[in-house]
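Residues in the sequence shown are numbered consecutively from 1, following UniProt numbering.
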Amino acid sequence: MKKIFIILPLFLSGFLFSQKKPHKNPAKKNTTVKFNYHDEFKNISDEILTNGTAYENLAELTKGIGPRFSATSGYAKATEWAEKKFKEIGINMIWRQEAKAPIWIRGKESLQIKTENGDWKNIRMLSFGNSEGTGGKDLMGEIILINSTSELNAMSIGQLKDKIVFVNVPMDPTIVNTSDSYLLTAKSKLISASVIAKTGAKALIIRSLTTANDDTPHAKMIYYEPDDKVKIPALSIGVRSADELEKTLKKQKVTAKINMTAESKGSTTNPNIIAEIQGKKDSKVIVLGAQLDSWDIGEGAIDDGTGVAQCIEVLRTLKALGYENNHTIRVVLYANSENGGQGREMYAAYVKKKEEKHVFALGTDAGGYSPRGFSLDMPPQRRKQIFEWKNYFLPYGIYDFDQTYAIQDISPLKKLDIPLAELVVDTQRYFDYHHSAEDTFDKVNKRELLLGAVAMTQLIFMIDKNW
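What follows is the structure, given as structure tokens:
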């Protein structure tokens, strides 16, 4: 009974209170549920991992065609192949965009060295791309080792005249991101033929830029300055030969004999191959890019056959899933990426001239290894939007959105204020094979390749839905 008397007053007081201040209906809570994209991500992943054709397409491109160097029959065959592949997946909008391409022929090449009392020894080598040759004649000279800019600056006038400069600078093994290590070494003035030529030297030999511990030489592109009075031959050698040569030079004099028939024969045009699925809502463009050309010494699998195959796979997947895209989704397979970059400049000029609205550009040129994320070169507000999607990507091993550069063939689009992104992968093996005869189809893992295509398609899907 006590409980009743206690409760009743409380009940009555509440009743009386409610009579004094009429009850107001509380504001309705926002019951709108934020759309969950997990199902869409899984549909994309399931389609690619079950029915994806990127690996088979890569086999056709690399084993069936092989090297696709600019201004060669190999590149011409690759363009026909790419157009055929787009047609096979139901793409109707396909066209060519001609870009200037230099005609450079490697020809025959050889390097021999000998000590004062020794015999001539053959060393595996590769001419730099676009390097001048020796006219098929033997170029001989004493080898001088220089491994730092301070050493170069300390040389007095005449010390390097008529010498052959050898630079044995490895990629920094303490830099975990091998792409960063490569770029840091590649920017060194020591491996500039123009810089070395100004010292009076008559040739340049460098240690290949690679993470491999073998004797495979890796190619590099050369740029001569317009004011160069002499364009000296430049070449690279494998890391084992480089280390052995340095050891020998510290003990005795070494002479080199270089013979290169490499020559430039003007220029021609090579086409970018462009294909797209037109937008259902507007004509704004989301573009994906990869380079179609490769070096002349390998199959061009990791550089960049994998990127080509992934871009085609993105369009195939969207078509297979019946996706109704808001914006136009376009793929550009760039010409002349390895020895000039005219394809990417041509496309950027086209976009500017046509005043096409591009909302996003994505590049892939890192070897088809396990995807880890996307490097985002864009305004902070755009980066923030992509950060908010991280939980959708995490189940697919995509977590790295912190990098801020996109240096592939999409890079000229930055001048047009287009947000850029680049597929980030595990690159620990990439520079073992990069720009070498070892860049072959067997270096690519099918599942890793397909997972990269999954991540790319998921990101394109999100951009199309939300931007």
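Backbone N, C-alpha and C fix where the C-beta goes; we use that ideal spot for every residue, glycine too.
To the nearest angstrom, how far is the alpha carbon of residue i from that of residue j?
i	j	result
Asp263	Phe128	For the sequence presented, residue 263 should be read as Glu rather than Asp. Approximately 11 Å between the Cα atoms of the pair.
Asp162	Thr211	32 Å
Ala54	Ile312	7 Å
Val287	Ile113	49 Å
Lys353	Ile232	38 Å
residue 469	Ser73	Absent from the model: residue 469. The displayed extent of the chain is 1 to 467, so no value can be given.
Asp442	Asn270	28 Å
Met346	Glu98	8 Å
Asn36	Val444	33 Å
Glu56	Gly64	11 Å
Ile418	Gln381	13 Å
Arg106	Ala421	34 Å
Phe86	Lys247	53 Å
Tyr392	Tyr323	19 Å
Phe461	Glu356	20 Å
Ile463	Glu109	49 Å
Ala203	Asn272	35 Å
Val195	Ile157	14 Å
Arg447	His434	20 Å
Leu449	Pro395	17 Å
Ile205	Lys187	16 Å
His38	Tyr399	16 Å
Met171	Asp282	47 Å
Suppose the cutoff is 8 Å on Cβ atoms and the five residues either side in sequence are ignored; what does the same chain contact list for residue i look like?
i	result
Gln278	Met93, Thr328
Thr427	Asn177, Thr178, Ser179, Ala366, Gly367, Tyr369
Asp138	Lys257, Ile258, Asn259
Trp81	Glu60, Leu61, Gly64, Ile65
Val254	Ile113, Lys114, Thr115, Glu142, Ile143, Leu245, Thr248
Lys265	Ile103, Trp104, Ile105
Would you mind stating whether residue i and residue j have Cβ atoms separated by less than 8 Å?
i	j	result
Asp303	Gly367	yes
Ala309	Leu61	yes
Lys284	Val359	yes
Gly289	Ile143	no
Thr134	Met260	yes
Leu333	Asn325	no
Ala348	Lys415	yes
Leu160	Gly200	yes
Leu245	Leu190	no
Lys242	Arg207	Correcting the residue type first, residue 242 is Ala in the shown sequence and not Lys. Against a cut-off of 8 Å, the Cβ pair of Arg207 and Ala242 comes out as a contact.
Ala361	Ile48	no
Ile89	Ser267	no
Ile91	Leu315	yes
Thr174	Leu209	no
Ser337	Arg330	no
Ala335	Ala101	yes
I'd like the list of long-range same chain contacts for residue i, defined as Cβ closer than 7 Å, with 5 residues on each side in sequence excluded.
i	result
Phe401	Gly373, Phe374, Leu376, Ile386, Phe387, Lys390
Thr216	Gly238, Ser436, Ala437, Glu438
Asn147	Val167, Asn168, Val169
Tyr350	Gln97
Ala406	Gly363, Ser375, Asp377, Leu420, Ala421, Glu422
Lys84	none
Gly300	Thr62, Pro67, Arg68, Ser294, Asp439
Gly298	Pro67, Ser436, Ala437, Glu438, Asp439, Thr440
Mark residue i as exposed unless 16 or more other C-beta atoms lie within 10 angstroms of its C-beta, in which case mark it buried.
i	result
Asp296	buried
Trp95	exposed
residue 498	Residue numbering for the chain in the displayed model covers 1 to 467; residue 498 lies beyond these limits and cannot be assessed.
Glu116	exposed
Asn339	buried
His218	buried
Val425	buried
Asp227	exposed
Ser70	buried
Asn213	exposed
Thr79	buried
Tyr182	buried
Pro379	exposed
Asp432	buried
Gln252	exposed
Tyr430	buried
Pro22	Its pLDDT being 41, under 50, Pro22 is placed unreliably in this model, and the coordinates cannot settle the point.
Gly52	buried
For residue i and chain B, any beta-carbon pair shorter than 8 Å?
i	result
Ile463	No chain B is present in this structure, which holds just one protein chain.
Only counting the same chain, and skipping five residues up and downstream in sequence, which positions put a Cβ closer than 6 Å to that of residue i?
i	result
Ser131	Ile222, Pro233, Ala234, Ala262
Arg240	Asp215
Gln458	Phe41, Ile44
Leu413	Ala348, Ala361
May I ask you to verify whether the region 104-122 touches the region 153-169, counting CB pairs closer than 8 Å and requiring at least 3?
Touching, no, given that fewer than three Cβ pairs across the two stretches are closer than 8 Å.
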